[in-house]
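Asker:
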Amino acid sequence: MTTQPAAVIVLAAGEGTRMKSATPKVLHPLGGRPLVGHALRAAQSTGPGHLVLVLRHQAERVRAALTTDFPEARVALQDEVPGTGRAVQCGLDALPDDLTGTVLVTYGDVPLLSGETLERLTRVHTEGANAMTVLTALLDDPTGYGRVLRDENGVSAIVEQKDATEDQRAVREVNSGVYAFEVTALRTALAGVGRDNAAGEVYLTDVLALIRSAGGRVEALALEDEWEIRGVNDRVQLADLAAEANRRTLRHWMLAGVTIVDPSTTWIDADVTLEPDVTIRPGVQLHGSTRVATGAVVGPDCTLTDVEVGADAVLERTHGSSAVIGAGAQVGPFAYLRPGTRLGADGKIGTFVETKNATIGRGSKVPHLSYVGDATIGEHSNIGAASVFVNYDGVRKAHTTIGDHVRMGSDNMYVAPVTVGDGAYSGAGTVIRKDVPAGALAINVAPQRNMEGWTLSRRPGTPAAEAAQRANEQSSTDRESQS
């Protein structure tokens with residue numbers, strides 16, 4: 020007997036008006052993924068024969084956002100008929116007519132529902148030979164939820180809060196809206212569900228009575244963890260669920276050997292990977308597919324998106340995206356790593372340095388106050404302070420290449436395309452407009468000219484002129500005393 024579902028139907032057709040957003044509710048991010056992405060990953064992990072996503076509101080936008088990560092998901096469009104029951108009917112229409120086995124129904128706005136729970140629901144449903152199994156939770160305060168009523172034959176009814184009696188409202192077991200069905204029983208029951216209710220909707224909960232009346236067994240699986248069944252209807256709930264998801268992510272990594280100094284100021288996305296003995300200092304956000312290797316120290320105050328950090332690297336007050344930091348490298352404070360940055364092992368990108376499309380070799384350093392764009396810097400070279408790689412002429416980007424063991428002076432400008440050979444040097448204030456041969460010294464020679472008395476004649480009465488006058492008088496007095 021297989022415990023894998025024949026299909027999982029994920030309902031994501033709602034407009035989500037309470038979000039008050041132009042973005043479809045199920046595409047709002049939580050932990051680096053859209054809400055519906057969490058639901059689809061949980062469904063995917065059960066190994067279903069078919070995965071169906073039911074859409075309606077901004078369906079093409081939602082479909083486009085998910086195509087890459089979930090190419091196997093079939094999209095079913097809900098028609099004008101409203102209701103969860105109708106959404107499930109549309110999902111069933113996307114499945115083979117001769118499908119047998121268990122169909123799970125879940126939702127695109129329930130991000131903490133785990134694949135493990137869905138697997139357990141499938142197993143309980145299959146082993147119990149149930150026609151329908153309801154995923155429930157036990158709440159200390161069940162206000163607002165539909166109550167699950169039981170009798171000697173299993174689940175007898177789901178009663179909404181507004182329709183419940185005083186005794187029924189005292190029931191702590193509530194309906195999550197997530198179900199396992201025997202597919203034939205589900206198809207048959209849905210065919211008998213009408214729209215004779217105040218909202219004119221096809222309610223999925225109405226199938227329970229029809230399945231029971233046909234002799235099918237309806238049971239429930241009760242969860243202790245109520246967070247798993249919580250959905251997102253507005254941005255307050257989104258923030259609450261995001262905080263809980265982050266708390267669980269941080270706990271996972273701390274138990275795996277990562278030091279997180281201040282969990283209250285640390286946010287780590289679901290797809291981030293950390294190795295043991297990483298240290299995360301306060302004020303850190305790790306997003307996307309960021310990977311941090313063992314012994315690295317990140318923070319305080321770093322935001323990294325899709326960044327690879329090597330073993331024993333140290334990053335402080337750094338903002339980076341789509342960058343690679345080598346083992347033992349140092350970055351920051353106040354560094355900005357733009358996409359395409361690759362810093363070699365034991366290299367350094369220092370204070371107030373910005374990089375983009377730049378490969379900086381092993382042991383090379385850009386210590387401070389510089390911009391390195393569209394450049395390759397070899398190994399064990401040093402770029403002086405206040406240097407700028409002039410890579411853009413207003414039309415095209417051009418590349419600068421710096422060799423190995425190069426020593427560049429401060430306040431240099433590299434007007435690309437230009438190449439500086441191995442072992443070359445440059446003087447301070449040099450504008451490098453042509454290639455520098457290996458071992459050469461590049462300088463811009465211009466004699467310094469001092470115009471004596473300029474401040475007194477051109478800026479009379481200013482504090483600068485007064486200071487100059489005092490200095491001249493003191494100099495004159497000193498000379499007289501020495502003579």
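If you're matching positions, the sequence shown starts at 20 in my numbering and goes up one per residue. Every residue gets a Cβ at the ideal spot worked out from N, C-alpha and C, and that includes glycine.
(1) Could you tell me the alpha carbon to alpha carbon distance between P130 and C321, rounded to whole angstroms?
(2) Can the beta-carbon of T103 be found less than 7 Å from the beta-carbon of L257?
(3) Determine the DSSP secondary structure at M273, reduced to helix, strand or coil.
(4) Spell out the partners DSSP gives M151 in its beta bridges.
(5) Do the stretch 207 to 215 and the stretch 179 to 198 touch if we need at least three Cβ pairs shorter than 8 Å?
(6) Using 7 Å as the threshold, is the C-beta distance between A26 and L74 below it?
(7) Under 7 Å between the Cβ atoms of T420 and T449?
(8) Identify the continuous alpha helix (DSSP H) that holds P482 and give its terminal residues.
(9) Spatial neighbours of T184 within its chain, please: CB distance less than 6 Å, with the 5 preceding and 5 following residues excluded, ordered by chain position.
(10) Among D365, T298, G369, R452, which one has its Cα closest to the Cα of D408?
(11) For V197 and L154, which I take to be in contact (beta-carbon distance under 8 Å), what is that distance rounded to the nearest angstrom?
(12) Could you tell me the distance, in whole angstroms, from the CA atom of T268 to the CA atom of A289?
(13) Can you list, in chain order, the residues of its chain with a C-beta nearer than 7 Å to that of D325? Leave out the 5 residues immediately preceding and following it.
(14) Assuming E245 and A156 are in contact, meaning their beta carbons sit under 8 Å apart, how far apart are those beta carbons, in whole angstroms?
(15) Rounded to whole angstroms, what's the CA-CA distance from G276 to P295? Just pull it up for me.
(16) Just to confirm the assignment, what range does the beta strand (DSSP E) spanning E373 have?
(17) Considering just the uninterrupted stretch of the beta strand (DSSP E) at H69, what are its terminal residues?
(18) Using only the alpha-carbon positions, how far apart do A315 and D393 sit?
(19) Provide the residue(s) that pair with M470 in DSSP beta bridges, ordered along the chain.
(20) Express the C-alpha separation of N469 and Y355 in angstroms, rounding to a whole number.
(21) Considering just the uninterrupted stretch of the alpha helix (DSSP H) at H306, what are its terminal residues?
(22) State the DSSP-derived secondary structure class of G56, mapped to helix, strand or coil.
Answerer: Quick answer:
(1) Walking along the sequence shown from the start, residue 130 turns up at place 111. Walking along the sequence shown from the start, residue 321 turns up at place 302. Cα-Cα distance, rounded: 26 Å.
(2) The count along the sequence shown starts at 1 and reaches residue 103 at position 84. The count along the sequence shown starts at 1 and reaches residue 257 at position 238. Not a contact, by the Cβ cut-off of 7 Å.
(3) Your numbering for residue 273 matches position 254 in the sequence shown. Helix at M273.
(4) Within the sequence shown, numbered from 1, the residue matching residue 151 stands at position 132. As DSSP reads the structure, M151 sits in a beta bridge with F200, V237.
(5) Taking a cut-off of 8 Å on C-beta distances, the stretch 207 to 215 does not touch the stretch 179 to 198, as fewer than three cross pairs fall below it.
(6) Your numbering for residue 26 matches position 7 in the sequence shown. Your numbering for residue 74 matches position 55 in the sequence shown. For A26 and L74, no; Cβs fall outside 7 Å.
(7) For this step, residue 420 is matched to residue 401 along the sequence shown. For this step, residue 449 is matched to residue 430 along the sequence shown. For T420 and T449, no; Cβs fall outside 7 Å.
(8) In the sequence shown, counting from the first residue as 1, residue 482 sits at position 463. Here the alpha helix (DSSP H) through P482 covers 482 to 501.
(9) Within the sequence shown, residue 184 is the residue found at index 165, counting from 1. Cβ within range, chain order: n/a, list empty.
(10) As a position in the sequence shown, residue 408 is number 389, starting the count at 1. Inspection of the sequence shows that residue 408 is occupied by Phe rather than by Asp. Minimum Cα distance to F408 is reached at R452.
(11) The residue given as residue 197 occupies position 178 in the sequence shown. The residue given as residue 154 occupies position 135 in the sequence shown. At roughly 4 Å, the Cβ-Cβ gap stays under 8 Å, so V197 and L154 are in contact.
(12) Here residue 268 corresponds to residue number 249 of the sequence shown, with the count starting at 1. Here residue 289 corresponds to residue number 270 of the sequence shown, with the count starting at 1. About 7 Å.
(13) As a working note, residue 325 is residue 306 in the sequence shown. Once the five neighbours on either side are set aside, the close Cβ partners of D325 are G307, S308, T309, S340, S341.
(14) The residue labelled residue 245 in the question sits at position 226 within the sequence shown. The residue labelled residue 156 in the question sits at position 137 within the sequence shown. Confirmed, about 5 Å.
(15) Residue mapping note: residue 276 aligns to position 257 of the sequence shown, counting from 1. Residue mapping note: residue 295 aligns to position 276 of the sequence shown, counting from 1. Their Cα atoms are separated by approximately 5 Å.
(16) Locating residue 373 in the sequence shown gives position 354, counting from the first residue. 367 to 379 is the span of the beta strand (DSSP E), which, as asked, contains E373.
(17) Your numbering for residue 69 matches position 50 in the sequence shown. Counting along the chain, the beta strand (DSSP E) containing H69 begins and ends at 69 to 74.
(18) Your numbering for residue 315 matches position 296 in the sequence shown. Your numbering for residue 393 matches position 374 in the sequence shown. Computed Cα separation, rounded: 27 Å.
(19) Counting from 1 along the sequence shown, the entry for residue 470 is found at position 451. DSSP lists no partner for M470.
(20) If you number the sequence shown from 1, residue 355 lands on position 336. If you number the sequence shown from 1, residue 469 lands on position 450. The straight-line gap from Cα to Cα measures roughly 39 Å.
(21) Counting from one through the sequence shown, the residue named residue 306 turns up at place 287. H306 -> not in any alpha helix (DSSP H); beta strand (DSSP E) instead, spanning 303 to 306.
(22) Counting from one through the sequence shown, the residue named residue 56 turns up at place 37. It is helical.
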